[in-house]
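Some notes on the structure that comes next.
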Amino acid sequence: MLFVWPKELKQLGLLGMNSRNINYIARHNPRHLYPIVDNKLLTKKAAIDAGIRVPELLGVIESNHELSKLPQLLAPLTQFVIKPTRGSGGKGILVISGREFDFFLKTNGSKILQSDIRRHVNNILSGLYSLGGKPDKAMIEAMIQYDDIFNEYTYEGVPDLRVIVYKGFPIMAMLRCATHSSDGRANLHQGAIGVGIDILTGKSQYAVQHGRPVTEHPDTGKSFKDLSIPYWQEILRLTAGCHEMTGLGYIGCDIVIDKEQGPMILELNARPGLAIQLACGLGLEKRLSFIDRLSTEVMEQDADKRVSFLMSNQFQE
Amino acid sequence: MSPRAQVYLLGLLLIIMGLGLMAYKSEMLSMPVKPGEYATVWTVEAKVGFTADGGAVKVSLALPKNQNNMEVIEELFSSSGYGFNIYDNAGHKRAEWTKRMASGKQTLYYKLDVYKRPSGEGLPEFDASKMRAKPNWQGERQEALRNAAASIINNSWQTSSNKESFARQLLKSLNDKSNNDARLIHNNLPDKKTVDIALDLLSLAEIPAHIIRGIYLEDDRNRMSADALVEIFDGEKWIVFSPNTGAKGLPDNFLVWQRGDVSMLDVAGGSRSAVSFSVLANDVPARKVALEQMGGEQAALLDYSIYSLPIEQQSVFKFILLVPIGALIVIFLRVVIGIRTAGTFMPVLLAIAFIQTHLLNGVLIFLLILSIGLFVRSYLSRLDLLLVARIAAVVVIVVCLMSFISIVSFKLGVEQALTITFFPMIIIAWTIEHMSILWEDDGPMEVLIQTAGSLLVAIMCYLAMTNHYIEHWMFNFPELLFTLLGMIIILGHYTGYRMSELLRFRYMRRS
Ligand SMILES: Nc1ncnc2c1ncn2[C@@H]1O[C@H](COP(=O)(O)OP(=O)(O)O)[C@@H](O)[C@H]1O
Ligand SMILES: [Mg+2]
Numbered sequence: 001m002l003f004v005w006p007k008e009l010k011q012l013g014l015l016g017m018n019s020r021n022i023n024y025i026a027r028h029n030p031r032h033l034y035p036i037v038d039n040k041l042l043t044k045k046a047a048i049d050a051g052i053r054v055p056e057l058l059g060v061i062e063s064n065h066e067l068s069k070l071p072q073l074l075a076p077l078t079q080f081v082i083k084p085t086r087g088s089g090g091k092g093i094l095v096i097s098g099r100e101f102d103f104f105l106k107t108n109g110s111k112i113l114q115s116d117i118r119r120h121v122n123n124i125l126s127g128l129y130s131l132g133g134k135p136d137k138a139m140i141e142a143m144i145q146y147d148d149i150f151n152e153y154t155y156e157g158v159p160d161l162r163v164i165v166y167k168g169f170p171i172m173a174m175l176r177c178a179t180h181s182s183d184g185r186a187n188l189h190q191g192a193i194g195v196g197i198d199i200l201t202g203k204s205q206y207a208v209q210h211g212r213p214v215t216e217h218p219d220t221g222k223s224f225k226d227l228s229i230p231y232w233q234e235i236l237r238l239t240a241g242c243h244e245m246t247g248l249g250y251i252g253c254d255i256v257i258d259k260e261q262g263p264m265i266l267e268l269n270a271r272p273g274l275a276i277q278l279a280c281g282l283g284l285e286k287r288l289s290f291i292d293r294l295s296t297e298v299m300e301q302d303a304d305k306r307v308s309f310l311m312s313n314q315f316q317e
Numbered sequence: 001m002s003p004r005a006q007v008y009l010l011g012l013l014l015i016i017m018g019l020g021l022m023a024y025k026s027e028m029l030s031m032p033v034k035p036g037e038y039a040t041v042w043t044v045e046a047k048v049g050f051t052a053d054g055g056a057v058k059v060s061l062a063l064p065k066n067q068n069n070m071e072v073i074e075e076l077f078s079s080s081g082y083g084f085n086i087y088d089n090a091g092h093k094r095a096e097w098t099k100r101m102a103s104g105k106q107t108l109y110y111k112l113d114v115y116k117r118p119s120g121e122g123l124p125e126f127d128a129s130k131m132r133a134k135p136n137w138q139g140e141r142q143e144a145l146r147n148a149a150a151s152i153i154n155n156s157w158q159t160s161s162n163k164e165s166f167a168r169q170l171l172k173s174l175n176d177k178s179n180n181d182a183r184l185i186h187n188n189l190p191d192k193k194t195v196d197i198a199l200d201l202l203s204l205a206e207i208p209a210h211i212i213r214g215i216y217l218e219d220d221r222n223r224m225s226a227d228a229l230v231e232i233f234d235g236e237k238w239i240v241f242s243p244n245t246g247a248k249g250l251p252d253n254f255l256v257w258q259r260g261d262v263s264m265l266d267v268a269g270g271s272r273s274a275v276s277f278s279v280l281a282n283d284v285p286a287r288k289v290a291l292e293q294m295g296g297e298q299a300a301l302l303d304y305s306i307y308s309l310p311i312e313q314q315s316v317f318k319f320i321l322l323v324p325i326g327a328l329i330v331i332f333l334r335v336v337i338g339i340r341t342a343g344t345f346m347p348v349l350l351a352i353a354f355i356q357t358h359l360l361n362g363v364l365i366f367l368l369i370l371s372i373g374l375f376v377r378s379y380l381s382r383l384d385l386l387l388v389a390r391i392a393a394v395v396v397i398v399v400c401l402m403s404f405i406s407i408v409s410f411k412l413g414v415e416q417a418l419t420i421t422f423f424p425m426i427i428i429a430w431t432i433e434h435m436s437i438l439w440e441d442d443g444p445m446e447v448l449i450q451t452a453g454s455l456l457v458a459i460m461c462y463l464a465m466t467n468h469y470i471e472h473w474m475f476n477f478p479e480l481l482f483t484l485l486g487m488i489i490i491l492g493h494y495t496g497y498r499m500s501e502l503l504r505f506r507y508m509r510r511s
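As given, the protein sequences belong to chains A and B, one line each in that order. Under UniProt numbering, think of the first position of the first sequence as 1, with each following residue one higher. Under UniProt numbering, think of the first position of the second sequence as 1, with each following residue one higher.
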């Protein structure tokens, strides 16, 4: 089959790009609230204020003349991540997982020098990776030590969990697992695997790579069948709380699970992609309209109550 | 009212308003809805080349005569470093370039736009009293030649009834390969062309005759030399013949450059001089007609139309009015089809550049610049430059490439490439930057997809923007802008699936 008929997509309740932009993003995400999610530094601050855990911030480089601080900043660090504060789609993210003599080790094992990092930071500052090429800042973050449970589900990269939260209700989730071809980053269009996660149980349902179904990780051979995400209830509450934190109605929360500290928010997206539907094998439209039909009393509950409401209703009226 | 209903209402209103105004203008003010006839304007370029001896130089070039069926609209001379003037020499207009010192290869240009009128034929009056000097074929050795000439003249005389048919017979025999006399004459005078021989024979027969030099207006002809015709006087009027076929009459598409026995080009102080011509056709709508029809008092709408602007601004507006068409197409292709392009409206700018360069040239130049640019940029990325500086550097390189392409194509005689100066350089530099990041992050495949997407969209825009109908409508009915606006507003509220999504979700799990 080369394509699907629009009628079929409609039946599956698939959300298209145009509909997402007009009916959900434009309608429920007020523009003036975007900076909180578009700027990762502001997201971090807002999350800390709201009592939500985030990866530790180790330093910020704001401008070119601060580049000279870089050696001093990096000296005590062995594992860290450098990223643009306004990047998206995994662009400009450098994950350093160790050091060897003068070299810094990337997750894929290749070695780079401090001068390479400096150039990378320079690129970030000049806006190479940010939307519209606006000058940007570079942030240095602690590297997440992912939970052992994911050991065989990812290759050279931290798996992150994407949860779509609509009006404060988490409605769909997928785990993104890095592969060799995605270069340690967990962005689907770069070749990472999307594992659809049942929003009610945290268990895997389905998995895709490049839009096609897969059953096991191509690099490790581990089957996704019995993957179950730990801390599931806590994750649901965490993501539901992002609604209050940002004021946005339609967001994608990126969650990572640290070995010691448990789930934390990596970043938030005001324009979350549609690939999650492929990963779950489910259309978003039905769940979105389920939420739209809820009464205001239900909507005005706090995050914990909203999650338990979902648990008991299971998207059924 | 829901925003959705508002959008559709506003959109429809705008569409109707635009179409209504258009209908009013075409009904009441008889502005033609169909594009009128397109008249062809020919751009002819004469290129004078010679090698200067190192001293003073004087170049004089015959200029085209006014002709009943041709109208010279505009003339342009290039005279870098030369003194230039136009003078009249006994009814012949000539251009003269002068310079105190020149050496080496020299090139001078004269360019003109001519419009061929559908009607009007023939050439103006011409003094018939002057006879061409008879050829000097004296002596023993030329006897055979003299006899052959006399024999041809005699035969033609026998087989004709008047001067016109005599001339035709003469030309026929001269071109007849099996005619022994003609062969003998050609062999004896190997340097002379048939025209010159014909003129010699005509003068021996006491018929006033002279040469006409000029060029045939045919599209896209480069580096051709002037063609010659023969004109004879039959006692009442001048008649033109083609020396090679004997066909009578001035060919319809013949631009007379010089008439009578004066030289085409004189160069003093130089050698190896030659003049060559290139011809290019441009289609221009014959708007004048429409304009004359619309004149009158009721046309307040027209007083504020684009025609009230000076010609130069009009031609600028022609482009500006086409930009919204490009924008509409871009929106359609992105929102309904789902084509990915590099930079939202970059393809429109590209399409405008293509209009100037012609499609194929434009696409080739774009791909060339893009690939060389990507190559250079991959080196620049190793130099630790700031982004702004890097883009500026790429701009400089793009400009270098363009100059280079212009110069090379000019040397090769490909004229269109010269206009690539219209390429939106900054945008291309940004595109190169964007593509190179894409290459690093998402691999060459994505670069290919986006380049192809951008090109596809640009070509679609180009095709729409160069469509005669669309061009005519946008220029003559600018109120259609309202219609476009309405369509854009409605498209902006399209929430259906994109065509590309039918592909993207083809492996979607069906339950
Ligand atoms: N602190 C971190 N530790 C380990 N990996 C990280 C860290 N931050 C980001 N990554 C990796 O980079 C990917 C993209 O990061 P994210 O912050 O979501 O940026 P983007 O907005 O570009 O998607 C993550 O999925 C993860 O694999
Ligand atoms: Mg992300």
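Don't be surprised by glycine CBs; every beta carbon is placed ideally from N, CA and C.
With 16 other Cβ atoms within 10 Å as the buried cut-off, status of residue i
i: Asp442 of chain B; result: buried
i: Arg168 of chain B; result: buried
i: Gly453 of chain B; result: buried
i: Pro35 of chain A; result: exposed
i: Ile153 of chain B; result: buried
i: Tyr95 of chain B; result: Sequence inspection shows Ala at residue 95 of chain B; the Tyr mentioned does not correspond to that position. Answer is buried; the Cβ neighbour count reaches 16.
i: residue 514 of chain B; result: The structure shown does not extend to residue 514 of chain B, since chain B is modelled only from 1 through 511, so no value can be given for it.
Residue j beta carbon less than 9 Å from that of residue i
i: Phe166 of chain B; j: Glu231 of chain B; result: no
i: Ile61 of chain A; j: Met139 of chain A; result: yes
i: Arg223 of chain B; j: Lys47 of chain B; result: yes
i: Met172 of chain A; j: Arg27 of chain A; result: no
i: Val279 of chain B; j: Val44 of chain B; result: yes
i: His92 of chain B; j: Ala62 of chain B; result: yes
i: Arg212 of chain A; j: Ala303 of chain A; result: no
i: Ala52 of chain B; j: Ser129 of chain B; result: no
i: Asn175 of chain B; j: Gly246 of chain B; result: yes
Within-9 Å CB hit, residue i to chain A
i: Phe345 of chain B; result: no
i: Gly496 of chain B; result: yes
i: Arg510 of chain B; result: yes
i: Val330 of chain B; result: no
i: Leu10 of chain B; result: no
i: Leu380 of chain B; result: no
i: Gly338 of chain B; result: yes
i: His472 of chain B; result: no
i: Phe319 of chain B; result: no
8 Å contact criterion, which residue i and residue j should meet: CB distance rounded
i: Val59 of chain B; j: Val114 of chain B; result: Going by Cβ atoms, the distance from Val59 of chain B to Val114 of chain B rounds to 22 Å, so no, they are not a contact pair.
i: Gly11 of chain B; j: Gly486 of chain B; result: 4 Å
i: Gly92 of chain A; j: Lys106 of chain A; result: Actually they do not touch by this definition, with Cβ atoms about 14 Å apart.
i: Leu217 of chain B; j: Ala209 of chain B; result: Rounded, the Cβ-Cβ distance is 25 Å, inconsistent with contact.
i: Leu248 of chain A; j: Ala270 of chain A; result: 6 Å
i: Ile229 of chain A; j: Leu161 of chain A; result: 7 Å
i: Ile391 of chain B; j: Trp430 of chain B; result: 7 Å
Bridge partners - residue i, DSSP secondary structure assignment
i: Glu96 of chain B; result: B:Ser60 and B:Asn85
i: Thr43 of chain B; result: B:Asp113 and B:Leu280
i: Lys111 of chain A; result: A:Leu105
i: Trp238 of chain B; result: B:Phe233
i: Phe80 of chain A; result: A:Ile96 and A:Ala142
i: Ser271 of chain B; result: B:Thr51
i: His210 of chain B; result: B:Glu231
Residue-level contact to chain B via CB, residue i, 9 Å cutoff
i: His243 of chain A; result: no
i: Tyr155 of chain A; result: no
i: His28 of chain A; result: no
i: Pro272 of chain A; result: no
i: Val195 of chain A; result: no
i: Leu9 of chain A; result: yes
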